[in-house]
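Written out below as C-alpha cells is the structure these notes cover.
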Amino acid sequence: MDKEKTMMSALLDSIEDGIYIIDSSYTIEYMNNRMIELFGDGTGKKCHKIINDQETLCPWCHAEDVFENKQVKLEIYIPKIDKTFDLTEKPLEKPDGTISKMSFFRDISALKHREAKLRESEEKYRNLFEHVSVGIYISSKEGKFLDANQALLDILEYDSKEEFLKIDITTDLYVRPEDRRKFQKMIEHDGKVKDYEVEFKKKNGTPIIVSLTANVRYDHHGNILGYQGITVDQTQRYRMERKLKEAHDFMNKIIQSSPNPIMAADLKGNIIIWNRAAEKTLGYSAGETIGKMPITKIYPEGVAKKIMKMIRSPEHGGVGMLRAYPMLYVRKDGEAIDGTLSAAMIYDDEGKEVATVGSFVDLTERIEMERTLNQTQQQLLQSEKLAAMGRLTSQLAHELNNPIYGIMNTLELLKTEIKPDNRRRKLLDMSLSETVRLGDMLRKMLSFSKPDQEEKNFADINTIIEEMIILHEKMLQENSIRVAHELAEDLPHVYISKNQMRQVILNMISNARDAMPEGGTLHFRTSREKDRVAIEITDTGMGIPEEHVNRIFDSFFTTKDSVKGVGLGLSVCYGFIRDHGGDIKVKSQPEEGTTFTIILPIEKPGSGEEGNAAPPAP
Ligand code: ADP
Numbered sequence: 000m001d002k003e004k005t006m007m008s009a010l011l012d013s014i015e016d017g018i019y020i021i022d023s024s025y026t027i028e029y030m031n032n033r034m035i036e037l038f039g040d041g042t043g044k045k046c047h048k049i050i051n052d053q054e055t056l057c058p059w060c061h062a063e064d065v066f067e068n069k070q071v072k073l074e075i076y077i078p079k080i081d082k083t084f085d086l087t088e089k090p091l092e093k094p095d096g097t098i099s100k101m102s103f104f105r106d107i108s109a110l111k112h113r114e115a116k117l118r119e120s121e122e123k124y125r126n127l128f129e130h131v132s133v134g135i136y137i138s139s140k141e142g143k144f145l146d147a148n149q150a151l152l153d154i155l156e157y158d159s160k161e162e163f164l165k166i167d168i169t170t171d172l173y174v175r176p177e178d179r180r181k182f183q184k185m186i187e188h189d190g191k192v193k194d195y196e197v198e199f200k201k202k203n204g205t206p207i208i209v210s211l212t213a214n215v216r217y218d219h220h221g222n223i224l225g226y227q228g229i230t231v232d233q234t235q236r237y238r239m240e241r242k243l244k245e246a247h248d249f250m251n252k253i254i255q256s257s258p259n260p261i262m263a264a265d266l267k268g269n270i271i272i273w274n275r276a277a278e279k280t281l282g283y284s285a286g287e288t289i290g291k292m293p294i295t296k297i298y299p300e301g302v303a304k305k306i307m308k309m310i311r312s313p314e315h316g317g318v319g320m321l322r323a324y325p326m327l328y329v330r331k332d333g334e335a336i337d338g339t340l341s342a343a344m345i346y347d348d349e350g351k352e353v354a355t356v357g358s359f360v361d362l363t364e365r366i367e368m369e370r371t372l373n374q375t376q377q378q379l380l381q382s383e384k385l386a387a388m389g390r391l392t393s394q395l396a397h398e399l400n401n402p403i404y405g406i407m408n409t410l411e412l413l414k415t416e417i418k419p420d421n422r423r424r425k426l427l428d429m430s431l432s433e434t435v436r437l438g439d440m441l442r443k444m445l446s447f448s449k450p451d452q453e454e455k456n457f458a459d460i461n462t463i464i465e466e467m468i469i470l471h472e473k474m475l476q477e478n479s480i481r482v483a484h485e486l487a488e489d490l491p492h493v494y495i496s497k498n499q500m501r502q503v504i505l506n507m508i509s510n511a512r513d514a515m516p517e518g519g520t521l522h523f524r525t526s527r528e529k530d531r532v533a534i535e536i537t538d539t540g541m542g543i544p545e546e547h548v549n550r551i552f553d554s555f556f557t558t559k560d561s562v563k564g565v566g567l568g569l570s571v572c573y574g575f576i577r578d579h580g581g582d583i584k585v586k587s588q589p590e591e592g593t594t595f596t597i598i599l600p601i602e603k604p605g606s607g608e609e610g611n612a613a614p615p616a617p
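Numbering (numbering that gives the first Met the number 0), first residue to last: 0 to 617.
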C-alpha cells in the first residue's frame with residue numbers, strides 16, 4: 000500500500016500543474032512539488048493562508064460546492080505571486096467516506112500575457128486604421144468592401160460605413176470600370192500595386208483622382224480572397240501642379256515675347272533659357288542651344304569669364320547685377336553685333352548661386368544710324384563749304400580771266416618780235432609759261448565753281464583709265480613710277496561725263512606723282528560691287544598724316560608749295576563725283592602709301608537704266 004502511495008505521489012509530482020488536496024476544514028493534506036514551488040510547503044495549514052495570505056476564505060472559493068460533490072472550473076488571479084491560473088477542483092472521496100477537495104492549478108499567465116499583448120497591438124492598429132488621414136480598406140475579389148476607415152469614407156463623402164460596404168466597387172466607385180479590371184490584373188500578377196492613379200466617383204458622382212497602393216489577401220490554400228491597401232486623394236496635388244504649371248507657362252510667355260534677347264545659363268555655362276528674340280538676333284535656335292551649347296560661344300573669347308566677375312562685383316549695379324554694359328556678341332554666322340548686356344545672378348533659398356540670366360539690347364541699327372547721320376552731316380558741311388568757295392572762286396576767276404588772257408596774248412605777240420636765240424626770248428618764254436599755268440589754274444577754279452555742264456553718257460571707265468595712263472606714261476616714267484593695273488573685265492558702263500572723269504583721274508595721277516618723289520608704284524584697279532563700280536588708285540608714296548585725312552577734300556587745303564599746288568584738285572574731284580551720285584573714300588598709311596576709292600553708281604540716277612557690259616562703239 001505504501002508503495003502504491005509513493006508511486007502516486009511520484010506521478011503527481013511529475014505533473015506540470017500545481018495540485019493540492021484539502022479536507023473539509025480547509026486544511027491542506029497534500030501539495031505536489033509544483034504547488035510547493037509556487038506557494039511554499041503548506042501541508043497542515045489552512046489553504047487560504049498559503050494561497051492568498053489571508054485568514055478568511057479566498058474570494059473565489061467554491062470549496063462548499065466541491066464538498067457537495069460538484070466539479071468547479073474557474074480562472075483566478077493570485078496577486079501574491081502575480082500569476083493567473085485555470086483552476087479545476089474536484090471532490091475526492093477518501094476510503095473513510097469523507098470528501099476532500101483536490102485542486103489543479105494550471106499556470107496560464109504566459110498565455111494571458113500574450114493575449115493582452117495581442118489585444119493591445121490590435122487596438123493600436125485599429126486606432127491607426129481609424130485615425131490615419133489616408134483611406135484604408137479591405138476588399139473582396141468580387142468587388143465589395145469588407146472594411147474601410149473613416150478617412151476613406153471622408154474622401155469619398157459617404158455618411159456611414161454600413162452604406163459604404165454595400166456599394167459595388169467596379170460600378171459605383173470606378174469612373175471607368177475597366178480601370179478596376181486593370182488594377183486586378185496588375186495586383187494578381189505582381190501580388191501588389193504601387194501608386195496606381197485612377198479616377199473614383201464620390202457618393203454624389205463627382206470624380207476625384209486617387210492613387211492606390213495595395214496588396215493581395217490570400218486564404219490558407221493560397222487562393223486570392225481580395226485586396227487591402229491605401230487610397231490617397233490626389234486632388235490637392237493635381238491642383239497645385241496645375242497652378243505651378245500655369246505660373247510656369249505665364250513666366251515662359253513673358254520671356255518668349257520679350258523683344259530683347261533673353262538667355263539663362265547654369266554655373267557650368269549650359270544654356271537653360273533661350274527666347275525667340277535670342278534666336279532671331281543671334282541666329283541659333285533654342286533647340287541648338289538649350290542643353291547643347293555653352294553660353295561662352297556667343298561672346299568673344301575670354302569675355303564670358305569677365306562678365307561673371309562683373310556680376311559678382313558690387314561695381315556694376317550691386318553684387319549679383321550687371322547693368323547695360325556695352326558688349327560685343329558673336330552671331331552663329333560669325334558676325335559681331337554691338338549691344339549692351341544686363342544680367343543678374345539667380346540664387347537658391349540658401350543664397351547659393353545657381354544660374355545667371357541675361358538680356359541684351361542689339362545696338363547694330365542704332366550705331367549704323369548714328370554713323371550714317373554723322374556722314375551725312377560731314378557731307379553737308381563739305382557741300383556748304385564748297386558752295387561758299389564756289390561763289391568766291393567764281394568771282395575771282397571772272398575778274399582774273401580776262402586780264403590774264405590779255406597778258407598771254409600780249410606775250411605771244413611779243414614772242415614773234417624777239418628771235419629765239421635772243422637772251423630776252425628765254426625770259427619771255429618763262430613769263431609765258433607762268434601765265435599759261437595761271438590760266439590753267441583759273442580754268443580749274445572755274446570748273447570748281449561751275450562744273451562743266453557737259454553731257455553725260457554711258458561710258459567705259461576702264462577705257463578712260465587706260466587713255467590717261469598712256470597720256471601720262473612718259474611723265475610717270477621720268478619720275479621712276481611704275482604703273483600696274485587690274486581692270487575688271489565686263490565692267491558695266493557707267494553714266495558719266497567723260498571729261499570730268501578724265502580730270503578726276505588726272506588729278507589722282509598728279510597727286511600720286513607728288514607723293515612719290517623717289518618713285519614707286521601706281522596701281523589702278525576696277526571692280527563691280529553690287530550696283531556700283533569701284534575705282535581704286537593706290538600709290539606707294541608718303542601717305543597722309545591722320546590729322547590731314549579729314550581736310551584733304553577742303554578747298555585750298557594743300558601741303559605743297561605754292562608752285563606745285565593750290566589745294567583745289569581733290570575738292571573739284573569730290574564735287575564731280577558727288578554730282579555723279581558717287582563717293583570718294585581715302586585710306587592712307589603714312590610712309591606706306593594711299594588708296595583713293597571712287598565709287599560710281601551703274602544706273603543712270605533716277606532712271607533705273609543700266610549700262611552694257613560690252614562697250615559701245617566710241
Ligand atoms: P594740291 O594737290 O593742289 O595740294 P589737292 O586737293 O589735290 O590739292 O590735294 C590736297 C592735299 O592732299 C595735298 O596737298 C596732299 O597733302 C594731299 N594728297 C592728295 N593726294 C595725295 C597722295 N596720293 N598722297 C599723299 N598726299 C596726298
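No residue lacks a Cβ here, since even glycine has one placed at the ideal position from N, Cα and C.
Here the structure is a predicted model, which is why all the values come from computation and not from measurement.
Given Y237 as reference, the closest of I208, L380, T230 once Cα atoms are compared
Translated into positions along the sequence shown, residue 237 becomes position 238. It is I208.
Original post:
Are the beta-carbon atoms belonging to V353 and Y346 less than 8 Å from one another?
Top reply: Position 354 of the sequence shown, counted from the first residue, corresponds to residue 353. Position 347 of the sequence shown, counted from the first residue, corresponds to residue 346. Yes, Cβ-Cβ distance for V353 and Y346 is below 8 Å.
Would you check if there are 3 or more beta carbon pairs closer than 8 Å linking the segment 125-134 to the segment 167-174?
no
Check your understanding: Terminal residues of the continuous beta strand (DSSP E) containing P600?
Key -> For the purposes of this step, residue 600 is taken as residue 601 along the sequence shown, with counting starting at 1. Note, P600: beta strand (DSSP E), 592-600.
### Endpoints, alpha helix (DSSP H) assigned at L110
Numbered from its first residue, the sequence shown carries residue 110 at position 111. L110 -> alpha helix (DSSP H) spans 108-130.
>> Is the separation between the beta-carbon of S120 and that of I18 shorter than 8 Å?
In response: As a position in the sequence shown, residue 120 is number 121, starting the count at 1. As a position in the sequence shown, residue 18 is number 19, starting the count at 1. No, the Cβ-Cβ distance between S120 and I18 is not below 8 Å.
Is it buried or exposed for R33, if we count other Cβ within 10 angstroms and need 16 for buried? Numbered from 1 along the sequence shown, position 34 holds the residue referred to as residue 33. That one is buried.
Does DSSP put E92 in a helix, in a strand, or in coil?
The residue you call residue 92 lines up with position 93 of the sequence shown. In this structure, E92 counts as strand in the three-state DSSP scheme.
query: Tell me which same chain residues have a C-beta within less than 8 Å of the C-beta of M292, skipping the five on either side of it?
result: For the purposes of this step, residue 292 is identified with residue 293 of the sequence shown, where counting begins at 1. The answer, listed in chain order, is I270, Y283.
Requested in this report: Can you tell me which of E465, V503, D361 puts its alpha carbon nearest to the alpha carbon of V482?
Outcome: Position 483 of the sequence shown, counting from 1, holds the residue named residue 482. Of E465, V503, D361, the residue nearest in Cα terms is E465.
Close Cβ partners of P615 (< 6 Å) along its chain, the five nearest in sequence each way excluded: Here residue 615 is taken as the residue at index 616 of the sequence shown, counted from 1. For P615, the predicted structure reports a pLDDT of 35, less than 50, and the residue's modelled location is therefore unreliable. The matter cannot be settled from this model.
- Between the C-alpha atoms of C60 and E161, what's the straight-line distance to the nearest angstrom? Taking the first residue of the sequence shown as position 1, residue 60 is located at position 61. Taking the first residue of the sequence shown as position 1, residue 161 is located at position 162. Straight-line Cα distance between these residues: approximately 46 Å.
*asked:* Quick check: the Cα distance between S312 and V318, rounded to an integer number of angstroms?
replied: Indexing the sequence shown from 1 puts residue 312 at position 313. Indexing the sequence shown from 1 puts residue 318 at position 319. Going from the Cα of S312 to the Cα of V318 covers about 5 Å.
(message) Please state whether the Cβ-Cβ distance between A277 and P258 is less than 8 Å.
(response) Working through the sequence shown from its first residue, we reach residue 277 at position 278. Working through the sequence shown from its first residue, we reach residue 258 at position 259. No, the pair does not count as a contact, with Cβ atoms beyond the cut-off.
Cβ neighbours of G228 in the same chain (closer than 8 Å, five flanking residues each side left out) | Here residue 228 refers to the residue found at position 229 of the sequence shown. Excluding sequence neighbours, G228 sits near I135, Y136, V192, L211, T212, A213, N214.
Review point. At which residues does the alpha helix (DSSP H) containing L281 begin and terminate?
Key: Locating residue 281 in the sequence shown gives position 282, where the first residue counts as 1. That run of the alpha helix (DSSP H) goes 275-281.
Point to revise | Where A263 falls, given that 16 or more other Cβ within 10 Å makes a residue buried | key: Translated into the one-based positions of the sequence shown, residue 263 becomes position 264. By the 10 Å Cβ count, A263 comes out buried.
- Task: Go ahead and pull the three-state DSSP assignment for A354.
- Result: For the purposes of this step, residue 354 is taken as the residue at position 355 of the sequence shown. Reduced to three states, the DSSP call for A354 is strand.
Query raised in the report: Nearest-angstrom Cα distance between A342 and Y328?
Result: Residue mapping note: residue 342 aligns to position 343 of the sequence shown, counting from 1. Residue mapping note: residue 328 aligns to position 329 of the sequence shown, counting from 1. The alpha-carbon atoms of A342 and Y328 are separated by roughly 14 Å.
- Message: Is K559 close to the ligand ADP? I mean its beta-carbon at under 7 Å from any heavy atom of the ligand.
- Response: Residue 559 sits at position 560 when you count from the first residue of the sequence shown. Yes, the beta carbon of K559 sits closer than 7 Å to at least one heavy atom of the ligand ADP.
Subject >> Distance CB(H522)-CB(T537) smaller than 8 Å >> reply: Reading the sequence shown from its first residue, position 523 is the one you call residue 522. Reading the sequence shown from its first residue, position 538 is the one you call residue 537. Contact flag set, yes.
*Does the segment 513-528 come close enough to the segment 470-480 to have 3 or more Cβ pairs within less than 8 Å?*
yes
Coarse secondary structure for Q588, derived from DSSP in three states: The residue you call residue 588 lines up with position 589 of the sequence shown. Residue state, collapsed to three classes: strand.
Handout entry: Run of the beta strand (DSSP E) containing L470, from where it starts to where it stops
Key = Along the sequence shown, one-based indexing puts residue 470 at 471. Premise fails: L470 lies in the alpha helix (DSSP H), 460-477, not in any beta strand (DSSP E).
Q. Where does I583 fall in DSSP's three states?
A. As a working note, residue 583 is residue 584 in the sequence shown. Strand, per DSSP.
_What does the Cβ neighbour count give for I21, buried or exposed, with the cut at 16 atoms within 10 Å?_
Along the sequence shown, read from residue 1 onward, the residue named residue 21 stands at position 22. Label assigned to I21: buried.
Quiz prompt | I403 and G438 closer than 8 Å at C-beta | solution = One-based indexing of the sequence shown puts residue 403 at position 404. One-based indexing of the sequence shown puts residue 438 at position 439. Contact flag set, yes.
Name the two residues that bound the continuous beta strand (DSSP E) containing R175. Locating residue 175 in the sequence shown gives position 176, counting from the first residue. From DSSP, R175 is part of no beta strand (DSSP E); its letter is neither H nor E.
query = Who are I345's beta bridge partners in DSSP?
reply = Residue numbering aside, residue 345 sits at position 346 when the sequence shown is read from its first letter. In DSSP, I345 forms a bridge with A354.
Problem - Check whether I366 and D332 have beta carbons under 8 Å apart - result: As a working mapping, residue 366 is identified with position 367 in the sequence shown. As a working mapping, residue 332 is identified with position 333 in the sequence shown. Their beta carbons are not under 8 Å apart, which means I366 does not touch D332 by this criterion.
Quiz item: At which residue ranges does the segment 200-266 contain complete beta strand (DSSP E) runs of 3 or more residues, listed in the order of the chain?
Solution: 206-217, 223-232, 261-265
Roughly how many angstroms lie between the CA atoms of I597 and E454, to the nearest whole one? As a working mapping, residue 597 is identified with position 598 in the sequence shown. As a working mapping, residue 454 is identified with position 455 in the sequence shown. Their Cα atoms are separated by approximately 20 Å.
- Task: Could you give the DSSP three-state label for G268: helix, strand or coil?
- Result: Position 269 of the sequence shown holds residue 268. The answer is coil: DSSP assigns G268 none of H, G, I, E or B.
#### Entry: Cβ distance (whole Å) where R531 is taken to contact I601 below 8 Å
Working through the sequence shown from its first residue, we reach residue 531 at position 532. Working through the sequence shown from its first residue, we reach residue 601 at position 602. With 8 Å as the limit, R531 and I601 qualify as a contact, their Cβ atoms being about 6 Å apart.
*CA-to-CA distance, R422 to A612, given in whole angstroms*: As a position in the sequence shown, residue 612 is number 613, starting the count at 1. As a position in the sequence shown, residue 422 is number 423, starting the count at 1. Because the pLDDT of A612 is 43, which lies under 50, any placement of that residue in the model is unreliable, and the number read from its coordinates should be weighed accordingly. The alpha-carbon atoms of A612 and R422 are separated by roughly 57 Å.
Please state the DSSP three-state secondary structure of Y19. Against the sequence shown, residue 19 aligns to sequence position 20. It is a strand residue.
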